[in-house]
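Heads up, the thing below is written out as structure tokens.
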Amino acid sequence: MEKRVLLVEDEPNIIEAIRFILSRDGWSVETHVDGATAVEKVLAAPPDVLVLDVMLPGRSGFEILRDLRANPETAELPVLMLTAKGQERDREQAERYGVSCFMKKPFANSEVLETVNALQAGALGRV
Amino acid sequence: MTGRKQADLARSVGISASYLNLIEHNRRRIGGKLLSNIARELGVEPSALSEGAEAALLNALREAAADHEGAAEDLPRLEEFVGRFPGWARLLAETRQRATGLEHAVDVLSDRMTHDPFLSASLHEVISTVTAIRSTATILAETRDIDPEWRDRFHRNMAEESARLAESAEALVRYLDEASSAEFAASTPQEELDGWLRQSGYHVAELERALPTDPEKIVGRAESLRSAAARSLALSYLQRYRKDAEHMPLAAFQEEAQKGGFDPAALAMRFGVDLGAVFRRLATLPADRIGGEIGLVSCDASGTLTFRKPVDGFPLPRYSAACSLWPLYQALSRPMAPVRRLVEMGGRSPRLFLTYSVCQSLQPAGFDGPQVLEAAMLILPQDMVDAAEARAPLEIGTSCRICPRAACAARREPSIMAEAF
């Protein structure tokens, strides 16, 4: 079965890079830019792994994560959060909302790839 | 004490010469009857003996002592200390003042670091572009068999993101440069503007002429206005000043103002302008031409003072919030209802002022936009006006912490002065 990842991010060139890395590893990559409609997008077809940026137009990644965790369908969905604000406060908030993994920008490509694969394999649970 | 022997004076008021000597060197407190007796003997006002430059020094030291346990114990001997070691006392007061100023600067700085939206937004921009560049560069460097079409695309992306990074980094550097050179030093833009207006005596002669100087030029020349924010505040102030001057030409306005005892309502009718404009115009009249200084404070709906022109005997708070009993705030709570009130400013020698206050509503974003309130209080020293008033004057202060009115019903924090008075 094909591995599906949904990338919610608004920087086009970051989208392009991540898409390239994951595609080469055999992932089917879907992308979504708008924070306001991200939850609906996930619920319409839940991916194997969600990569979620914090600062999004329309709605913040934290709120999206909170809604996903409140919904039984996505309560256990592996979520990797990306943030440009590396502050400890942000990490704590993400963990409180039930993030699976948290990564600071700028990230290393290999790190993203490894983490997404580990999340799919179930090696990294909810923190 | 000159021209008269201490012993004679002591004898005439019924005390010993050595006791008088102690009084004179501030080692004994003096008050009431004895003070007035000595004053009568010397032919001066009692207040001339009990206050002076020392009053401000005493206040500054009381404030310093309030935060210090050991010093608070010694508070009863403060006047003796100031009397005997004036130099040390001044050094202590000035050091304390400097420390307070620096603490404030640090607060401003750390506040900016955590809450400055520009700083936060531009750092986010820099990190986003760096992320894209790093990721793209890694792909180009590490993917040996990359498709030429993809390779070109990633090169384009890199070029695009590098240009963006250069731009945002430059903006960030410019911002930090400006901030470190000026804005942090004078604490807040508002204080920079206050300082500049104080230097000019709140009167801008160049804007009173028939062909006024361009406000932008005046601001450009003002060396003490260093931050962009302060220059922008000054420009708005001067533009409004010029408009007020056009509607209320100096000579005619001054004449009418003096004739009518500085009654803002009569002036508003006479010149066809609103009360707020008359307040502002009165506060620009040069003190030497009208025989006194007219003070003015303004605030926005949050109560934050947005303009401050102090008058002698009516000190305005520098960092802390003002006295909530000021008629200014009474006016703020009832927009468009004018308030005329005789007030007594607390202090060593309380003084009376006639105040006029009004709160007006502005609609800068149109009729359906948010209502922006601006309240103003005009402060006229009692000796400038005929302030006959049936009601007892309203007892107010500067700010709770340095206000002597221990029993005030509106007190928000304990005073450090209460026991001293």
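Protein sequence lines correspond, in order, to chains A and B.
In this text, residue positions in the first sequence follow UniProt numbering: the first is 1, and each later residue adds one.
In this text, residue positions in the second sequence follow UniProt numbering: the first is 1, and each later residue adds one.
Every residue gets a Cβ at the ideal spot worked out from N, C-alpha and C, and that includes glycine.
Check: residue i C-beta below 7 Å from any heavy atom of the ligand ADP
i, result
"Ser399 (chain B)", "Among the ligands in the structure shown, none appear at all, so the ligand ADP cannot be discussed."
CB of residue i within 8 Å of CB of residue j, strictly
i, j, result
"Asp274 (chain B)", "Leu373 (chain B)", "no"
"Val51 (chain A)", "Leu113 (chain A)", "no"
"Val5 (chain A)", "Val79 (chain A)", "no"
"Leu109 (chain B)", "Glu79 (chain B)", "no"
"Glu41 (chain B)", "Val13 (chain B)", "yes"
"Leu325 (chain B)", "Ile396 (chain B)", "yes"
"Ser227 (chain B)", "Glu192 (chain B)", "yes"
"Arg280 (chain B)", "Gln254 (chain B)", "no"
"Ser361 (chain B)", "Pro335 (chain B)", "yes"
"Pro286 (chain B)", "His203 (chain B)", "yes"
"Leu352 (chain B)", "Val385 (chain B)", "no"
"Leu207 (chain B)", "Arg156 (chain B)", "no"
"Leu68 (chain A)", "Leu77 (chain A)", "yes"
"Ala169 (chain B)", "Val126 (chain B)", "yes"
"Phe314 (chain B)", "Leu296 (chain B)", "no"
"Pro393 (chain B)", "Leu316 (chain B)", "no"
CB contact below 8 Å: residue i versus chain A
i, result
"Ser128 (chain B)", "yes"
"Asn157 (chain B)", "yes"
"Glu160 (chain B)", "yes"
"residue 484 (chain B)", "Limits of chain B in this structure are 1 at one end and 421 at the other, which puts residue 484 (chain B) out of reach."
"Ser168 (chain B)", "no"
"Ala182 (chain B)", "Interpretation of Ala182 (chain B) is limited by its pLDDT of 49, a score under 50 that renders its predicted location unreliable; the figure taken from the coordinates is listed afterwards. With 8 Å as the cut-off, Ala182 (chain B) does not count as an interface residue toward chain A."
"His124 (chain B)", "yes"
"Ile402 (chain B)", "no"
"Thr304 (chain B)", "no"
"Ser236 (chain B)", "no"
"Trp150 (chain B)", "yes"
"Ser135 (chain B)", "yes"
Distance, residue j Cα to residue i Cα
i, j, result
"Ala229 (chain B)", "Ala108 (chain A)", "40 Å"
"Arg411 (chain B)", "Ala251 (chain B)", "43 Å"
"Leu82 (chain A)", "Glu9 (chain A)", "9 Å"
"His124 (chain B)", "Phe154 (chain B)", "22 Å"
"Ala234 (chain B)", "Glu95 (chain A)", "47 Å"
"Ala390 (chain B)", "Glu344 (chain B)", "14 Å"
"Ser110 (chain A)", "Leu176 (chain B)", "34 Å"
"Asp90 (chain A)", "Lys105 (chain A)", "13 Å"
"Leu197 (chain B)", "Cys101 (chain A)", "56 Å"
"Gly26 (chain A)", "Glu2 (chain A)", "8 Å"
"Lys33 (chain B)", "Met377 (chain B)", "38 Å"
"Leu328 (chain B)", "Gly260 (chain B)", "23 Å"
"Glu149 (chain B)", "Leu165 (chain B)", "24 Å"
"Ile133 (chain B)", "Val106 (chain B)", "36 Å"
"Ala182 (chain B)", "Asp312 (chain B)", "Annotation note: pLDDT 49 at Ala182 (chain B) (below 50); position unreliable, no value reported."
"Gly98 (chain A)", "Arg66 (chain A)", "8 Å"
"Ala121 (chain A)", "Ala75 (chain A)", "17 Å"
"Phe271 (chain B)", "Ala245 (chain B)", "11 Å"
"Glu142 (chain B)", "Gly195 (chain B)", "60 Å"
"Leu172 (chain B)", "Val130 (chain B)", "14 Å"
Cβ-Cβ separation, residue j to residue i (assumed contact under 8 Å), whole Å
i, j, result
"Ala375 (chain B)", "Leu332 (chain B)", "4 Å"
"Glu161 (chain B)", "Asn71 (chain A)", "So it is not a contact: roughly 36 Å between Cβ atoms."
"His247 (chain B)", "Ala210 (chain B)", "The pair is not a contact, with the Cβ atoms about 14 Å apart (cut-off 8 Å)."
"Ala322 (chain B)", "Leu305 (chain B)", "6 Å"
"Ile139 (chain B)", "Ala17 (chain A)", "6 Å"
"Arg19 (chain A)", "Val29 (chain A)", "5 Å"
"Ser415 (chain B)", "Ala409 (chain B)", "About 13 Å separates the two Cβ atoms, so there is no contact after all."
Residue i, enclosing alpha helix (DSSP H) - first and last residue
i, result
"Gln190 (chain B)", "Pro189 to Gln199"
"Met377 (chain B)", "Note, Met377 (chain B): premise wrong, no alpha helix (DSSP H); beta strand (DSSP E) at Val372 to Pro381."
"Glu11 (chain A)", "Note, Glu11 (chain A): premise wrong, no alpha helix (DSSP H); not H, not E."
"Arg66 (chain A)", "Gly61 to Ala70"
"Gly220 (chain B)", "Pro215 to Arg221"
"Arg91 (chain A)", "Glu88 to Arg96"
"Lys309 (chain B)", "No alpha helix (DSSP H) holds Lys309 (chain B); the beta strand (DSSP E) holding it covers Leu305 to Lys309."
"Glu208 (chain B)", "Run containing Glu208 (chain B): none; DSSP gives neither H nor E here."
Residue-chain proximity (residue i, chain B), Cβ-Cβ < 8 Å
i, result
"Met81 (chain A)", "no"
"Phe62 (chain A)", "no"
"Asn13 (chain A)", "yes"
"Glu16 (chain A)", "yes"
"Pro106 (chain A)", "yes"
"Ala38 (chain A)", "no"
"Phe20 (chain A)", "yes"
"Asn71 (chain A)", "no"
"Met55 (chain A)", "yes"
Range of the contiguous beta strand (DSSP E) that encloses residue i
i, result
"Gly295 (chain B)", "Gly295 to Asp300"
"Phe353 (chain B)", "Arg351 to Leu362"
"Ile146 (chain B)", "Neither: Ile146 (chain B) is in no beta strand (DSSP E) and is coded neither H nor E."
"Lys105 (chain A)", "Here Lys105 (chain A) belongs to no beta strand (DSSP E), and DSSP marks it neither H nor E."
"His247 (chain B)", "First-last for His247 (chain B): Ala228 to His247, but that is the alpha helix (DSSP H), not the beta strand (DSSP E)."
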